[in-house]
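Down below is the structure, laid out as structure tokens.
In the working numbering, the protein residues as written are 45 to 1025.
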């Protein structure tokens, strides 16, 4: 081993500051500025032409030649390492162990020119791996990193060898030039790593079948150690072994083992993204890749995770849609409310993401997704895509919603009304309120044309002369006052009969009135109203209805600020009114959908007329109070039922979870990445959530309250402590109604008078209570007047209909859990046995149907749906008959083997027990010749109720035997008898 401390070899090079351009080095094969190539010293073109090798390579070549000449001067010959050359070099260089060589470097290696023959028998691998391992060992001892540069192979008849060349990572001559743009404002803040003219090179010559490695190291300047920012091997392993963890989770774990890392979180993200890309990227084209992911999810061995939906092919639109069969199969038959909404900023390709959610016990479960991008497509294209999307789900999964909810997006509204014409469409309350609030704050935009004659035709007390300014023939309308016998006569329209308060024993009427005003709206509504909307001169055209133009008058004000809050309060009241919630009325006027619309229009019209708000009234009628618009947002347009949802907050919460839990760490994800996340990371959580919502979840163990039940309990406890005044209201606990007027506003439709009219509930009450869509809104054995005795009798889950909100399969009766015939029914899928009648009368004194132009359900459509449902159930029962016959044959074939374990299992689990009960009920029915003691069994008589369900509608011939229908496999004239052994 030799080391020289001489002054590094240097060559004086003339420079030409005006010379520009690049040249490729024949030595290192890199393209470098021409100034890095010295001028020739002799020969043709001396001092004018540049050399073909760069200055760095020239210096290395000079050093190599100097060493070769010194060896030849000592009597050596230029031969390959190994064989004769190894023997020749051993005269000048000693073989040193690797540990000694590394120790020498640690003591003398910062500035050095070293050549050594190193015994590296402990380093395994091929030539490149051995050389890389030695370079890494040198890096750790010198704290100078040498990165791979090139290799040179030499083969002889005896052996082959390879020389691997590495350069110092901080060598100024080996740094890549940054690709910065000319504009300095666009330069990145992070600068390049500091570099030095150290001329650092490492050469490692490795020969096959020899443990001796020739190492040449040149480093002519001591500089700061190399600071590694690459990921350590243990961090890389952690990232590879935890593909489902987010970067935030990984970073938290990494800091436990590397509390002060030199690498950044961005480096961890880059490595994580590289691994994550392997999970979801199937094609360079993100749309094709996303389609491939859907096909993969469709063919899973455990069953399809998604089902792709065919969409129309229109120019200017690109769409991708899929349904979630697990959730639709479990809940589709019980879902009666759908919410549809969209969101942006979920991907980098401008696809708008739509989600269809179904309401389940007050919570929302995603049923399908649509990704749609519009590239200047024709008008109405979104609505057509949404219509195809909803139609496919409706037809395949037989959805039968009573209510559909959207925001104020006409594409969504039109699609829902086209696919579900029988359903009542409900605009989201918050979106409606904010839309009106925003519109009232825009000063210079005039309303669309107001058809005053149509409004007057429907309501004669609406004046045809009270129109916006641009529709007035003579804008300068004089003020008219009428006096009779010298007294001023009011021109205000005659007020129709209105609700009045019945006051009984009020000690402080003024204080009571103030309390009533304070409680008139929920707290959140008042908070929204208190947020003053900033006035704007105008807004983008998409915010306005067709025909709303900007006024040319700079002094034009659409709605003065002083009137806006009261208008929003009136809109809130009109939104929440419903025939199911009685109001105080001294004239006993019927509280119907028609009367609510009449009073609401009058109240808003009179408010605007008295204050001269013709512009506002024209807008409110055209956009909100006209017949076709009223039925879209007023809850009272559905007279006999009321939706559990009144906002699309379930979808908004879904977007919040998607973006906050799964997308927050991603920057403009691709379409296929978003699709993968929806299928594999979002949906599994909702599948688990759907199971938790089932009544049979953790049967026999306590289960947590649902989201709705938690809010219900908090509201109940708050109202239970509220002070009750001396006002007298009509409170009906059985119907769960109170005419105080607050029930319609409350999110859970509670009021303090109802809550305090019943005994304090038990803990189980909050676990068992559920919300209905018809009166009574709540039914539970503990909801009784305080004077009424307690009863342990539970309501029957079979009572009521899914339509009315009786969609639970178990209402908390613990006695069922100790009866085999009871709890085993749940294992067989109780939800399939749930009765689904399409309608029941609303429990109300004023329960006639609404005459809204959008009917609740057309008779023909309802009859068609009933026939379709009956055919589906018949087909299902036919399949069940086939399965029962096959099961009976299988059991009978196993009996001769007398396998104790198998037979014991069949008997212990009561296989076919419900069939045995069914046969017993039919035998009893045949013996009594279709005579029953009562049509409906009494509550608590479970045997009688079961017998009624098994035999109601059962067909008997004239001789008392069941009659087979044609095509059933039996002769039509042959009665079917049941053996009574």
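Glycine residues also receive a C-beta, built at the ideal position from the N, C-alpha and C atoms.
Review point. Under the rule that 16 or more other beta-carbon atoms within 10 Å means buried, what is residue 603, buried or exposed?
Key: As a working note, residue 603 is residue 559 in the chain shown. By the 10 Å Cβ count, residue 603 comes out buried.
**Study point:** Every unbroken beta strand (DSSP E) within the segment 177-202, with a cutoff of 3 residues, ordered by chain
**Key:** Counting whole runs of 3 or more residues, the segment 177-202 contains the beta strand (DSSP E) stretches 190-199.
Point to revise | Where residue 682 sits in the DSSP three-state scheme | key: Indexing the chain shown from 1 puts residue 682 at position 638. Residue 682: coil per DSSP, three-state reduction.
**Study point:** Closest by C-alpha distance to residue 637, when choosing among 315, 796, 675 and 647
**Key:** On the chain shown, residue 637 is found 593 positions in, with the first residue counted as 1. Of 315, 796, 675 and 647, the residue nearest in Cα terms is 675.
**Study point:** The alpha helix (DSSP H) enclosing residue 506, as first and last residue numbers
**Key:** As a first step, residue 506 must be located in the chain shown, where it is residue number 462. In the DSSP assignment, residue 506 falls outside any alpha helix (DSSP H), carrying neither H nor E.
Point to revise | Which listed residue (430, 342 and 401) has its alpha carbon closest to that of residue 415 | key: Position 371 of the chain shown, counted from the first residue, corresponds to residue 415. Comparing Cα positions, the closest option is 430.
Review point. Distance, Cα to Cα, residue 344 vs residue 703?
Key: Numbered from 1 along the chain shown, position 300 holds the residue referred to as residue 344. Numbered from 1 along the chain shown, position 659 holds the residue referred to as residue 703. The straight-line gap separating the alpha-carbon atoms of residue 344 and residue 703 is approximately 27 Å.
Review point. Are at least three pairs of beta-carbons, each pair with one atom in the segment 255-270 and one in the segment 158-170, less than 8 Å apart?
Key: Contact holds: three or more Cβ-Cβ distances are below 8 Å.
**Study point:** Collapsed DSSP secondary structure at residue 283 in the structure displayed
**Key:** On the chain shown, residue 283 is found 239 positions in, with the first residue counted as 1. Note: residue 283 maps to helix in three-state DSSP.
Check your understanding: What residues in its chain sit with their C-beta under 7 Å from that of residue 351, if we drop five residues either side in the sequence?
Key -> Numbered from its first residue, the chain shown carries residue 351 at position 307. Taken in chain order, the residues that qualify are 342, 366, 367 and 369.
Exercise for review: Would you kindly check if the distance between the Cβ of residue 324 and the Cβ of residue 716 is under 7 Å?
Suggested key: Within the chain shown, residue 716 is the residue found at index 672, counting from 1. Within the chain shown, residue 324 is the residue found at index 280, counting from 1. Against a cut-off of 7 Å, the Cβ pair of residue 324 and residue 716 comes out as a contact.
Practice item. Go ahead and label residue 711 buried or exposed: buried means 16 or more other beta carbons lie within 10 angstroms of its beta carbon, across all protein chains shown. Key: Counted from its first residue, the chain shown places residue 711 at position 667. A residue is called buried once 16 or more other Cβ atoms fall within 10 Å of its Cβ, and residue 711, having fewer, is exposed.
Check your understanding: residue 391: which of 443, 334, 354 and 383 sits nearest, CA to CA?
Key -> The residue labelled residue 391 in the question sits at position 347 within the chain shown. If you compare the alpha carbons of 443, 334, 354 and 383 with that of residue 391, the shortest gap goes to 334.
Practice item. Starting from residue 76, trace the beta strand (DSSP E) both ways and give me its first and last residue. Key: Translated into the one-based positions of the chain shown, residue 76 becomes position 32. Where residue 76 is concerned, the enclosing beta strand (DSSP E) stretches over 75-77.
Exercise for review: For residue 312, collect the residues of the same chain with a Cβ closer than 8 Å to its Cβ; drop the 5 residues on either side in sequence, then sort them by chain order.
Suggested key: Residue numbering aside, residue 312 sits at position 268 when the chain shown is read from its first letter. Excluding sequence neighbours, residue 312 sits near 275, 279, 283, 291, 294, 295 and 298.
Check your understanding: DSSP state of residue 709, grouped into three classes?
Key -> Along the chain shown, one-based indexing puts residue 709 at 665. Of the three classes helix, strand and coil, the one that applies to residue 709 here is coil, per DSSP.
Exercise for review: Please work out which residues of its chain come closer than 6 Å, Cβ to Cβ, to residue 935, disregarding the five sequence neighbours upstream and downstream, and give them in chain order.
Suggested key: Start at 1 with the first residue of the chain shown, and residue 935 comes out as number 891. There are no such residues.
Exercise for review: With a threshold of 16 other CB atoms inside 10 Å of the CB of residue 658, please say whether the residue is buried or exposed.
Suggested key: For the purposes of this step, residue 658 is taken as the residue at position 614 of the chain shown. With 16 or more Cβ atoms within 10 Å of its Cβ, residue 658 is classed as buried.
Practice item. Go ahead and label residue 648 buried or exposed: buried means 16 or more other beta carbons lie within 10 angstroms of its beta carbon, across all protein chains shown. Key: By one-based count along the chain shown, residue 648 stands at place 604. Within 10 angstroms of the beta-carbon of residue 648 lie 16 or more other beta-carbons, which makes it buried.
Exercise for review: Classify residue 377 as buried or exposed, calling it buried when 16 or more other Cβ atoms lie within 10 Å of its own Cβ.
Suggested key: One-based indexing of the chain shown puts residue 377 at position 333. The residue in question, residue 377, is buried, as its Cβ has 16 or more Cβ neighbours within 10 Å.
Check your understanding: Helix, strand or coil: which one does DSSP assign to residue 625?
Key -> As a position in the chain shown, residue 625 is number 581, starting the count at 1. Residue state, collapsed to three classes: coil.
Check your understanding: So what does DSSP say about residue 951, is it helix, strand or coil?
Key -> Taking the first residue of the chain shown as position 1, residue 951 is located at position 907. Looking at residue 951 - three-state DSSP - the assignment turns out to be helix.
**Study point:** Contact between the segment 611-624 and the segment 677-694 (3+ Cβ pairs under 8 Å)
**Key:** They touch, by the three-pair rule.
**Study point:** residue 250 classed as buried or exposed, judged by whether at least 16 other C-beta atoms fall within 10 angstroms
**Key:** Along the chain shown, read from residue 1 onward, the residue named residue 250 stands at position 206. So residue 250 ends up on the buried side.
Exercise for review: Quick one: using the 10 Å Cβ neighbour count with 16 as the cut-off for buried, is residue 619 buried or exposed?
Suggested key: One-based indexing of the chain shown puts residue 619 at position 575. Buried, by the Cβ-count rule.
Review point. Given a threshold of 16 other Cβ atoms within 10 Å of its Cβ, counted over all protein chains shown, does residue 38 qualify as buried or as exposed?
Key: Since the first and last residues shown for the chain are 45 and 1025, residue 38 lies out of range.
Exercise for review: Flag this pair as yes or no: are the beta carbons of residue 337 and residue 719 separated by less than 7 Å?
Suggested key: Taking the chain shown and counting its residues from 1, one reaches residue 337 at position 293. Taking the chain shown and counting its residues from 1, one reaches residue 719 at position 675. Contact: yes.
Practice item. Just the C-alpha distance for residue 438 and residue 463, rounded to the nearest angstrom, thanks. Key: The residue given as residue 438 occupies position 394 in the chain shown. The residue given as residue 463 occupies position 419 in the chain shown. Just so you know, the alpha carbons of residue 438 and residue 463 end up roughly 8 Å apart.
Point to revise | Residues of its chain near residue 458, where Cβ-Cβ distance is below 6 Å and the 5 sequence neighbours each way are ignored | key: Working through the chain shown from its first residue, we reach residue 458 at position 414. So the list reads 427, once near-sequence residues are dropped.
Exercise for review: Specify whether the segment 775-782 and the segment 794-806 touch according to this definition: at least 3 beta carbon pairs, one from each stretch, less than 8 Å apart.
Suggested key: Output reads yes: the segment 794-806 touches the segment 775-782.
Exercise for review: Kindly list the residues whose CB is nearer than 8 Å to the CB of residue 253, restricted to its own chain and excluding five residues on each side of it in sequence; keep chain order.
Suggested key: Stepping through the chain shown from its first residue, residue 253 is reached at position 209. Excluding residues within five positions, the ones whose Cβ falls inside 8 Å are 203.
Review point. Excluding five sequence neighbours on each side, which residues of the same chain lie with their C-beta closer than 7 Å to the C-beta of residue 607?
Key: Residue numbering aside, residue 607 sits at position 563 when the chain shown is read from its first letter. Cβ neighbours of residue 607 beyond the five flanking positions: 655 and 657.
**Study point:** Distance, residue 310 Cα to residue 709 Cα
**Key:** Residue 709 sits at position 665 when you count from the first residue of the chain shown. Residue 310 sits at position 266 when you count from the first residue of the chain shown. Each residue's Cα considered, the two are about 11 Å apart.
Check your understanding: Looking at the unbroken beta strand (DSSP E) that takes in residue 141, where does it start and where does it end?
Key -> Within the chain shown, numbered from 1, the residue matching residue 141 stands at position 97. Note, residue 141: beta strand (DSSP E), 139-141.
**Study point:** Pairwise C-alpha distance: residue 398 and residue 361
**Key:** The sequence position of residue 361 within the chain shown is 317, counting from 1. The sequence position of residue 398 within the chain shown is 354, counting from 1. Going by the C-alpha atoms only, they are around 15 Å apart.
Check your understanding: What does residue 486 pair with, by DSSP beta-bridge criteria?
Key -> Here residue 486 is taken as the residue at index 442 of the chain shown, counted from 1. Under DSSP, residue 486 forms a beta bridge with 580.
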